[in-house]
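Remarks on the structure that follows.
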Amino acid sequence: MRVVMLIPPKDFRDESVSSIKNMLEKWGVEVVLASYSTKECVGSHGAVYSRFTNAGHIKGNDFDAIILIDGPGVESYKLYDFRPLLEVVSSFANSGKIIAGINNAIKIIARSNIISEIKVAAPKDPSVRDIIRLYHGKASENYLEDQKNIITLSDPERVDALSELMLKRLGAR
Numbered sequence: 000m001r002v003v004m005l006i007p008p009k010d011f012r013d014e015s016v017s018s019i020k021n022m023l024e025k026w027g028v029e030v031v032l033a034s035y036s037t038k039e040c041v042g043s044h045g046a047v048y049s050r051f052t053n054a055g056h057i058k059g060n061d062f063d064a065i066i067l068i069d070g071p072g073v074e075s076y077k078l079y080d081f082r083p084l085l086e087v088v089s090s091f092a093n094s095g096k097i098i099a100g101i102n103n104a105i106k107i108i109a110r111s112n113i114i115s116e117i118k119v120a121a122p123k124d125p126s127v128r129d130i131i132r133l134y135h136g137k138a139s140e141n142y143l144e145d146q147k148n149i150i151t152l153s154d155p156e157r158v159d160a161l162s163e164l165m166l167k168r169l170g171a172r
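Here the sequence shown is numbered in numbering that gives the first Met the number 0, starting from 0 and rising by one per residue.
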């Protein structure tokens, strides 16, 4: 099993990356980091990743799931407006692959136009809630939602719950 984890070039949430990566790898899932950068990716708390795949080369056929990591970098790079990324997420949806988004990275899933009539864990940030409504998703008060092939987590402090669900959905546990 292979999962691609997309991180912003800077200011991603380090804890989300390390926690999910460690848990999935512990159960034999290969985790490939990807970003739209040619340099090192640096997290909000200083984690540095220099070995990653160029996100422009992500193909849904090569992976079982994609995880979109949260953090201030999602906003500063406006990843939710980057058409190539939205097309990648849409291709994962069309292939029935698992798509997971955390906190403000849920905007990427919504803007990919794949959440119509789907419950989405809605973060407290009003801009994320607005985009969920705009794309006809159903904003949920639950911190974790799993509908069809889309998993959303509104509370980044609970990434362990997302990791557990990913392992279950991938059949690794």
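C-beta: ideal position from N, C-alpha, C; glycine also.
With C-beta atoms as the reference, is residue i less than 8 Å away from residue j?
| i | j | result |
| --- | --- | --- |
| residue 113 | residue 88 | yes |
| residue 158 | residue 152 | yes |
| residue 143 | residue 161 | yes |
| residue 150 | residue 109 | no |
| residue 119 | residue 105 | yes |
| residue 32 | residue 51 | yes |
| residue 148 | residue 95 | yes |
| residue 4 | residue 66 | yes |
Return the Cβ separation of residue i and residue j in integer angstroms, given the expectation that the two are a contact with Cβ distance under 8 Å.
| i | j | result |
| --- | --- | --- |
| residue 34 | residue 7 | 7 Å |
| residue 0 | residue 169 | 5 Å |
Look at the alpha carbon of residue i and the alpha carbon of residue j, and state the distance between them as a whole number of angstroms.
| i | j | result |
| --- | --- | --- |
| residue 140 | residue 121 | 6 Å |
| residue 27 | residue 171 | 7 Å |
| residue 42 | residue 12 | 6 Å |
| residue 40 | residue 9 | 5 Å |
| residue 81 | residue 46 | 24 Å |
| residue 155 | residue 146 | 19 Å |
| residue 84 | residue 44 | 25 Å |
Could you please give the first and the last residue of the uninterrupted alpha helix (DSSP H) stretch that includes residue i?
| i | result |
| --- | --- |
| residue 1 | First-last for residue 1: 1-5, but that is the beta strand (DSSP E), not the alpha helix (DSSP H). |
| residue 167 | 158-169 |
| residue 92 | 82-93 |
| residue 49 | It is not in any alpha helix (DSSP H) - residue 49 carries neither H nor E in the DSSP assignment. |
Can you tell me where the beta strand (DSSP E) holding residue i begins and where it ends?
| i | result |
| --- | --- |
| residue 143 | 143-146 |
| residue 139 | 137-139 |
| query | Taking only runs of the beta strand (DSSP E) that begin and end inside the stretch 104-133, which ones reach a length of at least 3 residues, in chain order? | reply | 118-120
| Start-end ranges of the alpha helix (DSSP H) lying completely within the stretch 58-82, minimum 4 residues | 71-75
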